[in-house]
Amino acid sequence: MTTPVTWTKRWTFILAAAGSAVGLGNIWKFPYIAGENGGGAFIAVYLLCILAIGIPTMMAEAMLGKAGRANPIVAIRKLSLNDGKSNAWSWLGGLGIVTGIMIIMFYSVVGGWALDYVAQSATGAYANANPELTKANFAALLDSKTTQIIGHTLFILLNVVVIGFGVRRGIGIASEILMPLLILILLVLVGYAAVNGDIQGALAFMFNVDFSALSGEAIIVAMGHAFFTLSIGMGSIMVYGAYMPENACVGRSVLTIAAMDTAIALLAGLAIYPLVLGNGLEPGAGPGLMFETLPLAFGNMPGGLIFGTAFFLLISIAALTSAISLLEPAVAWMEQLCIKRWISTSIIGVIAWVGGLASIYSSDVFNFLDYATANIMLPLGGFIIAIFAGWVLRRVTVRKHLSSISMTTFNTWYIAIRFLAPIGIIVVFINGILGA
Ligand code: PHE
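Per my numbering, numbering through the sequence shown is continuous, rising by one, with the last residue being 761.
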């Protein structure tokens with residue numbers, strides 16, 4: 326049973342879902358929002374949300390896709406009707422489509438920054454860098470609308486080509502090689518940062534937990550990021566779940582992906598904060614954090630030109646595999662309307678491109694899209710998924726589609742999806758709104 330086809334099938338979901346989960350969220354976003362929100366306590370809440378809300382919701386989402394065997398709208402409709410429930414639940418798919426397109430409108434801008442840094446690295450733009458130079462480089466990029474537009478356009482084009490040609494399988498298989506490489510370079514960076522930066526300070530920053538310093542707002546951001554980084558709450562994981570072979574284990578796959586995703590985010594933090602603290606930079610520097618600090622390492626380490634170029638290339642590819650999954654629900658939906666793949670992909674590409682221009686010209690638009698999607702729309706989508714899987718579908722239906730996990734695991738998950746996840750989401754929201 327080791328023919329390549331069987332093997333690919335067994336791994337399709339893990340590869341695709343890991344490709345979706347691991348992206349800019351882990352390496353670009355996590356370190357800067359954790360930095361802005363004070364470090365340790367924020368990271369503790371983020372980890373708690375991954376465990377208590379993220380993993381159960383991701384299992385539910387993958388299960389719904391696997392059970393419905395179609396794009397989110399059709400899958401949910403099918404499952405509702407089978408259990409004699411209203412097909413209005415399929416609006417969840419509509420929410421996911423809108424959320425995905427809104428995310429891509431700022432995500433592709435950052436993808437464009439990463440592409441620009443591939444070029445900067447390859448041409449030695451930050452050789453022997455010091456903090457002044459790396460800050461100036463990033464500021465120059467933000468100032469040059471043209472450079473940002475080129476990067477963003479290129480990023481959208483890459484998406485359209487990959488989705489239009491339908492070569493996602495190729496990308497999935499490529500990620501199998503690229504992901505370990507990315508982890509390897511991150512480890513080299515962590516090693517470099519440990520020797521040349523302030524590792525003690527970084528460990529204290531990341532793991533000293535002082536909940537008293539944590540605002541209600543920070544808790545919302547931590548939960549929102551748990552959704553964002555796992556790609557849950559909008560149908561990406563559901564779409565990929567539909568590719569799962571009948572006998573694949575949802576539970577084990579989801580745990581593997583969540584563990585990998587979390588490990589990569591923490592490694593990114595361990596690479597970035599020692600450099601930040603060792604060079605007198607600010608952890609709360611905002612979206613430029615990764616771009617202002619990692620070049621300090623690449624610019625000064627032996628072989629940095631090659632490492633830096635490879636790193637930003639790998640980040641760009643990781644961003645691409647995430648972006649593809651953001652567009653997937655929309656493409657799948659249009660496909661169902663019998664619109665040709667090329668045409669639907671191009672239409673969505675143009676919409677995303679225009680939105681990206683708005684994000685380039687206005688940081689308010691950029692911030693709004695980021696905030697509204699990660700902190701409101703994804704948790705809302707996750708809430709509906711939890712209610713649908715935990716309360717709307719019949720228990721026997723759900724159990725049938727999660728049959729490969731043990732009864733104890735199932736019961737634990739069932740409690741988590743019925744109570745822990747939805748109540749957790751509500752509590753975090755109320756807490757944030759009351760400004761506690
Ligand atoms: N998880 C991706 C990242 O961390 C972003 C993403 C969010 C992808 C939601 C799909 C759905 O970069």
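For every residue, glycine included, the Cβ atom is placed at its ideal position computed from N, Cα and C.
Computed from a predicted model, the values in this text were never measured in an experiment.
Practice item. With DSSP collapsed to three states, give me the class of I751. Key: Here residue 751 is taken as the residue at index 426 of the sequence shown, counted from 1. Reduced to three states, the DSSP call for I751 is helix.
Practice item. Pull up the distance between the alpha-carbon of E449 and that of F713, whole angstroms please. Key: What you label residue 449 is simply residue 124 of the sequence shown in a count that begins at 1. What you label residue 713 is simply residue 388 of the sequence shown in a count that begins at 1. Checking the sequence shown, residue 449 turns out to be Gly, not Glu. Approximately 52 angstroms, taken between the alpha carbons.
**Study point:** Which listed residue (N484, A519, I544) has its alpha carbon closest to that of G594
**Key:** Numbered from its first residue, the sequence shown carries residue 594 at position 269. Considering only alpha carbons, the answer is A519.
**Study point:** Residues of its chain near L404, where Cβ-Cβ distance is below 7 angstroms and the 5 sequence neighbours each way are ignored
**Key:** Numbered from its first residue, the sequence shown carries residue 404 at position 79. Around L404: L389, A392, G393, L718.
Check your understanding: Would you say the beta carbon of F553 comes nearer than 6 angstroms to a heavy atom of ligand 1?
Key -> Indexing the sequence shown from 1 puts residue 553 at position 228. Yes; taking the cut-off as 6 angstroms, the Cβ of F553 has a heavy atom of ligand 1 nearer than that.
Review point. Are three or more beta carbon pairs between the segment 457–475 and the segment 610–626 nearer than 8 angstroms?
Key: Short answer: they touch.
Review point. Okay, do the segment 479–487 and the segment 428–446 touch, 3+ Cβ pairs below 8 angstroms being the bar?
Key: Short answer: they touch.
Review point. For G611, which three-state DSSP category applies?
Key: The residue you call residue 611 lines up with position 286 of the sequence shown. Under the three-state reduction of DSSP output, G611 falls in the coil class, being neither helix nor strand.
Practice item. For T733, count neighbouring C-beta atoms within 10 Å of its own C-beta (all shown protein chains included) and say buried if the count is 16 or more, exposed if not. Key: To locate residue 733, count along the sequence shown from 1; it is residue 408. By the 10 Å Cβ count, T733 comes out exposed.
Exercise for review: With a threshold of 16 other CB atoms inside 10 Å of the CB of S469, please say whether the residue is buried or exposed.
Suggested key: Along the sequence shown, read from residue 1 onward, the residue named residue 469 stands at position 144. The residue in question, S469, is exposed, as its Cβ has fewer than 16 Cβ neighbours within 10 Å.
Review point. Just to confirm, are F532 and G365 a CB contact at a threshold of 7 angstroms?
Key: For the purposes of this step, residue 532 is taken as residue 207 along the sequence shown, with counting starting at 1. For the purposes of this step, residue 365 is taken as residue 40 along the sequence shown, with counting starting at 1. The Cβ-Cβ distance between F532 and G365 falls below 7 angstroms.
Exercise for review: Can you say whether Y686 is buried or exposed, counting buried as having 16 or more other CB atoms within 10 angstroms of its CB?
Suggested key: The sequence position of residue 686 within the sequence shown is 361, counting from 1. Exposed: under 16 other Cβ atoms inside 10 Å.
Practice item. For P381, name the three-state secondary structure that DSSP assigns. Key: Here residue 381 corresponds to residue number 56 of the sequence shown, with the count starting at 1. P381 falls in the helix class under three-state DSSP.
Exercise for review: Please check the pair I488 and V656, which I expect to be a contact at CB under 8 angstroms, by giving their CB distance rounded to whole angstroms.
Suggested key: The residue labelled residue 488 in the question sits at position 163 within the sequence shown. The residue labelled residue 656 in the question sits at position 331 within the sequence shown. That pair is a contact at about 6 angstroms.
Check your understanding: Comparing the CB of A346 with every heavy atom of ligand 1, is any distance shorter than 6 angstroms?
Key -> For the purposes of this step, residue 346 is taken as residue 21 along the sequence shown, with counting starting at 1. Under cutoff, so the answer is yes.
Check your understanding: In whole angstroms, what is the alpha-carbon distance linking P505 and A588?
Key -> Reading the sequence shown from its first residue, position 180 is the one you call residue 505. Reading the sequence shown from its first residue, position 263 is the one you call residue 588. Distance between P505 and A588, taken at the CA atoms: about 12 angstroms.
Check your understanding: Which value, in whole angstroms, describes the spacing of the CA atoms of T327 and D586?
Key -> One-based indexing of the sequence shown puts residue 327 at position 2. One-based indexing of the sequence shown puts residue 586 at position 261. Its pLDDT being 37, under 50, T327 is placed unreliably by the model, and the measurement read from it follows with that caveat. Each residue's Cα considered, the two are about 27 angstroms apart.
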